[in-house]
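Engineer: Would you mind keeping the following structure in view while I ask a few things?
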Amino acid sequence: MITKFIKRILRRDPMVKHTHASNTGAPKRIPKKSHRIDPHLLSKNAVKVTHTLQQAGYEAFIVGGAVRDLALGISPKDFDVATNATPDQVQRLFRKARLIGRRFQIVHVTFFGKGHPEIIEVSTFRALLDNAGDHVAESGRILRDNVWGSQGEDAARRDFTINAMYYDPSSETVLDYHGGMADMQKKTLRMIGDPAKRYREDPVRMLRAVRFAAKTGFELDSATRAPIAKLGKLLNDVPSARLFDEILKLLMSGYSWRAIQGLKEAGLHHGLLPLLDHILDDGEDSKGANDFVKLALANTDERIQSGKSVSAGFLFATLLWPDLLKNWKANSSKGMANIPALHDAMDDTIATQSSGMTIQRRFESDMREIWSMQPRFERRVGRYPFRLIESPRFRAGYDFMLLRCATGELNPAIGQWWTDFIAADPAGQEELMASAKNESGNTASPAKRRRRRKPKSAIPPEGAAS
Ligand code: ATP
Ligand code: MG
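To convert, note that position 324 of the sequence shown is 1798 in the working numbering; the numbers rise steadily by one, no gaps.
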């Protein structure tokens, strides 16, 4: 009895400060028979976190994208929990809990089991902020919002109605403040509140709109779509690192091709990746580049949908390849030797990209390695193939080379040769080397000599990029 009383008292202090306590309204309570969330899709650890918090007298729910995915019948890739306990209070309840203090202060609770450790992200209900004070930049962009609030306020500051539902695993009830469940049924993506104002607060929400539309197959509600045409330019003010994170999520969503088409339709692609500026135009001269990127993205989507990993370096290497080919070709036609022409082109491509959105250094070095390996696939004599196969990033370079073969940029026989070479025993490898030598009669670039009428492949192909 007394402990219950103490808990109730303690429960009062997390609600540090309410700015708009009254403007949020009561949620719709959706029982199990209506939402049909399958409890088997829940993460046991997420349930453990909500239970522990509830046992300690706090409110706790699974929230955000996980509830959206559960309601769609898909298994969420990660679980977020929202609570009225403050980060400090959360931290005290779990052994492996770490306070993460970036723009939002949250707690990462880590569970070690079979396979990868699972991190459950726990955040405290946040308050809505008005446009006064030092939290908001002149453009309307929110700079800082570590002010705790009620669950209703927390719901109102989320982005889309389908991302603002709270699921309590104990009662199997969904609390829905903004008609998210009805929008799910209508297959509509709707921004909470005034969309223009919400985009001004955080322009990244425009990219999120495109990403979720691609992922769910939902339509953007017309009021949610309308302001994007005018406000898209606000993305220029977003720090490059955040933009990069969001583009990476978009490309890794499993629906990257659809998402990129969505960016184009929304007019958001300019300045994000230079290649998007020209390859998404349907002109004839961008066809080669378009085919290559389309194939690379289809390949990425397939891998992600079947649960395989994708390397971001590889992905950006493919997206920038058409641009690189164009620069490489320009250098070659100025009389530069093939390899220096390639390296110079790599610098140019990366510099142009950085003027829009900087790619993280660790990915940049992967890209450079994959690219600089490409001419080496054409040297199939002496020690060259053995040295190439031993390079640490060989597999990525090889996969990349196969994509080039698949679009006809590189002679597919070269791709097949390497596939055979990897699988062969030492005797088989010697035979393959001999066949490559006979085929070409030269050591530098067999493919180039073999196809006399239309030289290809050792230098960038004609018309691959506009
Ligand atoms: P994903 O499947 O990509 O993880 P998600 O909806 O879970 O999708 P997160 O970035 O993990 O996306 O964010 C979790 C939740 O936090 C969202 O569902 C949304 O409610 C809220 N949220 C995230 N980013 C924003 C934002 N920029 N503005 C408003 N709310 C946001
Ligand atoms: Mg998430």
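Idealized CB from N, CA, C, for every residue including glycine.
1) In the DSSP output, which residue or residues are listed as bridge partners for Ser-1597?
2) Considering only residues of the same chain and omitting the five flanking positions on each side of Asp-1695, which have a CB-CB separation below 7 Å?
3) State the Cα-Cα distance for the pair Leu-1862 and Met-1847, rounded to the nearest angstrom.
4) Any idea if Arg-1685 is buried or exposed, counting beta-carbon neighbours within 10 angstroms, 16 or more meaning buried?
5) Could you check how far apart the C-beta atoms of Leu-1794 and Thr-1823 are, in whole angstroms? I think they sit under 8 Å.
6) Would you check whether the ligand ATP has a heavy atom nearer than 7 Å to the C-beta of Asn-1637?
7) Does the Cβ-Cβ distance between Leu-1876 and Gly-1889 come in under 8 Å?
8) Residues in its own chain within less than 7 Å of Leu-1573 by CB, not counting five upstream and five downstream?
9) Does the distance between the C-beta of Gly-1654 and the nearest non-hydrogen atom of the ligand MG fall short of 7 Å?
10) Looking at Lys-1518 and the ligand ATP, is the gap between the Cβ and the nearest heavy atom below 7 Å?
11) Closer than 8 Å is the cut-off here; do at least three beta carbon pairs connect the region 1496-1516 with the region 1530-1546?
12) Drop a sphere of 10 angstroms on the beta-carbon of Asp-1899, count the other beta-carbons inside from all chains shown, and report buried for 16 or more, exposed for fewer.
13) What do you reckon, are the CB atoms on Phe-1766 and Pro-1796 nearer than 8 Å?
14) Helix, strand or coil for Lys-1782, going by three-state DSSP, please let me know.
15) Within the same chain, show all residues whose beta-carbon is closer than 7 Å to that of Lys-1506, passing over the 5 residues directly before and after it, in chain order.
16) Just reading off the beta strand (DSSP E) that Lys-1723 is part of, what are its end residues?
17) Any heavy atom of the ligand ADP closer than 7 Å to the beta-carbon of Arg-1664?
18) Helix, strand or coil for Arg-1572, going by three-state DSSP, please let me know.
19) Rounded to a whole number of angstroms, what is the C-alpha to C-alpha distance between Ala-1770 and Thr-1792?
20) Classify Thr-1832 as helix, strand or coil using the three-state DSSP reduction.
21) Quick check on this structure: which residue in Lys-1707, Val-1555, Leu-1722, Lys-1660 has the alpha carbon closest to the alpha carbon of Asp-1642?
22) Would you call the CB atoms of Pro-1550 and Ala-1534 closer than 8 Å?
23) Can you give me the C-alpha to C-alpha distance between Asn-1710 and Ala-1703, rounded to a whole angstrom?
24) May I ask you to list the residues that DSSP assigns as paired with Ala-1534?
25) Go to Val-1648, then tell me how far its beta strand (DSSP E) extends in each direction, as first and last residue.
26) Taking the Cβ atom as the reference point for each residue, do Ala-1700 and Ile-1666 lie within a distance shorter than 8 Å?
27) In terms of DSSP beta bridges, what is Thr-1662 paired with?
28) Given a cut-off of 8 Å on the beta-carbon distance, is the pair Tyr-1651 and Gly-1538 in contact?
29) Ala-1683: which of Asp-1628, Lys-1803, Arg-1732 sits nearest, CA to CA?
30) Let me check understanding here. Comparing Cα to Cα, which of Arg-1569, Thr-1524, Glu-1693, Val-1596 lies closest to Gly-1575?
31) Go ahead and pull the three-state DSSP assignment for Asp-1642.
32) Between His-1744 and Thr-1826, what straight-line distance do the alpha-carbon atoms span, to the nearest angstrom?
33) Is the separation between the beta-carbon of Ala-1870 and that of Ile-1896 shorter than 8 Å?
34) When the cut-off is 8 Å and only beta carbons count, does Glu-1864 lie next to chain D?
35) Would you mind stating whether Arg-1842 and Met-1810 have Cβ atoms separated by less than 8 Å?
36) For Gly-1736 versus Ala-1772, is the C-beta spacing smaller than 8 Å?
Structural biologist: So, from the data block:
1) Mapped onto the sequence shown, residue 1597 falls at position 123. Ala-1556, Ile-1580, per the DSSP bridge assignment.
2) Translated into the one-based positions of the sequence shown, residue 1695 becomes position 221. Correct list, in chain order: Thr-1662, Leu-1663, Arg-1664.
3) As a first step, residue 1862 is located in the sequence shown; it is residue number 388 there, counting from the start. As a first step, residue 1847 is located in the sequence shown; it is residue number 373 there, counting from the start. Approximately 8 Å between the Cα atoms of the pair.
4) Numbered from its first residue, the sequence shown carries residue 1685 at position 211. Looking at its Cβ environment, which holds 16 or more other Cβ atoms inside 10 Å, Arg-1685 is buried.
5) One-based indexing of the sequence shown puts residue 1794 at position 320. One-based indexing of the sequence shown puts residue 1823 at position 349. So it is a contact: roughly 5 Å between Cβ atoms.
6) Within the sequence shown, the letter at position 163 stands for residue 1637. Yes - the ligand ATP has a heavy atom lying nearer than 7 Å to the Cβ of Asn-1637.
7) As a working note, residue 1876 is residue 402 in the sequence shown. As a working note, residue 1889 is residue 415 in the sequence shown. A contact, by the Cβ cut-off of 8 Å.
8) One-based indexing of the sequence shown puts residue 1573 at position 99. Same-chain partners within the cutoff: Pro-1561, Gln-1565, Gln-1579, Val-1581.
9) As a first step, residue 1654 is located in the sequence shown; it is residue number 180 there, counting from the start. Gly-1654: no, Cβ never under 7 Å from the ligand MG.
10) Residue numbering aside, residue 1518 sits at position 44 when the sequence shown is read from its first letter. No, Cβ of Lys-1518 sits at least 7 Å from all heavy atoms of the ligand ATP.
11) yes
12) Numbered from its first residue, the sequence shown carries residue 1899 at position 425. So Asp-1899 counts as exposed.
13) Residue 1766 sits at position 292 when you count from the first residue of the sequence shown. Residue 1796 sits at position 322 when you count from the first residue of the sequence shown. Yes. Within cutoff.
14) As a position in the sequence shown, residue 1782 is number 308, starting the count at 1. Of the three classes helix, strand and coil, the one that applies to Lys-1782 here is coil, per DSSP.
15) Here the question's residue 1506 lines up with position 32 in the sequence shown. Same-chain partners within the cutoff: Glu-1646.
16) Walking along the sequence shown from the start, residue 1723 turns up at place 249. Careful: Lys-1723 lies outside any beta strand (DSSP E), inside the alpha helix (DSSP H) at 1714-1725.
17) Only the ligand ATP and the ligand MG can be found as ligands here, which leaves the ligand ADP out of the picture.
18) For the purposes of this step, residue 1572 is taken as residue 98 along the sequence shown, with counting starting at 1. It is a strand residue.
19) Against the sequence shown, residue 1770 aligns to sequence position 296. Against the sequence shown, residue 1792 aligns to sequence position 318. Distance between the alpha carbons of Ala-1770 and Thr-1792: 6 Å.
20) Taking the sequence shown and counting its residues from 1, one reaches residue 1832 at position 358. Coil at Thr-1832, not helix or strand.
21) For the purposes of this step, residue 1642 is taken as residue 168 along the sequence shown, with counting starting at 1. Closest by alpha carbon: Val-1555.
22) In the sequence shown, the residue the question calls residue 1550 occupies position 76. In the sequence shown, the residue the question calls residue 1534 occupies position 60. No, these two residues do not count as a Cβ contact at 8 Å.
23) Within the sequence shown, numbered from 1, the residue matching residue 1710 stands at position 236. Within the sequence shown, numbered from 1, the residue matching residue 1703 stands at position 229. One C-alpha to the other measures close to 14 Å.
24) By one-based count along the sequence shown, residue 1534 stands at place 60. For Ala-1534, which the question treats as bridged, DSSP gives the partners Thr-1557.
25) Here residue 1648 corresponds to residue number 174 of the sequence shown, with the count starting at 1. 1647-1650 is the extent of the beta strand (DSSP E) around Val-1648.
26) Within the sequence shown, numbered from 1, the residue matching residue 1700 stands at position 226. Within the sequence shown, numbered from 1, the residue matching residue 1666 stands at position 192. No; because the gap between Cβ atoms is not below 8 Å, this pair is not in contact.
27) The sequence position of residue 1662 within the sequence shown is 188, counting from 1. Paired residue(s): Glu-1693.
28) Counting from 1 along the sequence shown, the entry for residue 1651 is found at position 177. Counting from 1 along the sequence shown, the entry for residue 1538 is found at position 64. Not closer than 8 Å, so no.
29) Numbered from 1 along the sequence shown, position 209 holds the residue referred to as residue 1683. Looking at the Cα atoms, Arg-1732 is the closest of the given residues.
30) Residue 1575 sits at position 101 when you count from the first residue of the sequence shown. Checking every option, the nearest Cα to that of Gly-1575 belongs to Val-1596.
31) Residue mapping note: residue 1642 aligns to position 168 of the sequence shown, counting from 1. Here Asp-1642 sits in strand by DSSP.
32) Residue 1744 sits at position 270 when you count from the first residue of the sequence shown. Residue 1826 sits at position 352 when you count from the first residue of the sequence shown. The alpha-carbon atoms of His-1744 and Thr-1826 are separated by roughly 13 Å.
33) Reading the sequence shown from its first residue, position 396 is the one you call residue 1870. Reading the sequence shown from its first residue, position 422 is the one you call residue 1896. No. Outside cutoff.
34) Considering every chain present, this structure includes no chain D. It has just one protein chain.
35) On the sequence shown, position 368 is the one that residue 1842 refers to. On the sequence shown, position 336 is the one that residue 1810 refers to. Their beta carbons are not under 8 Å apart, which means Arg-1842 does not touch Met-1810 by this criterion.
36) By one-based count along the sequence shown, residue 1736 stands at place 262. By one-based count along the sequence shown, residue 1772 stands at place 298. Not a contact, by the Cβ cut-off of 8 Å.
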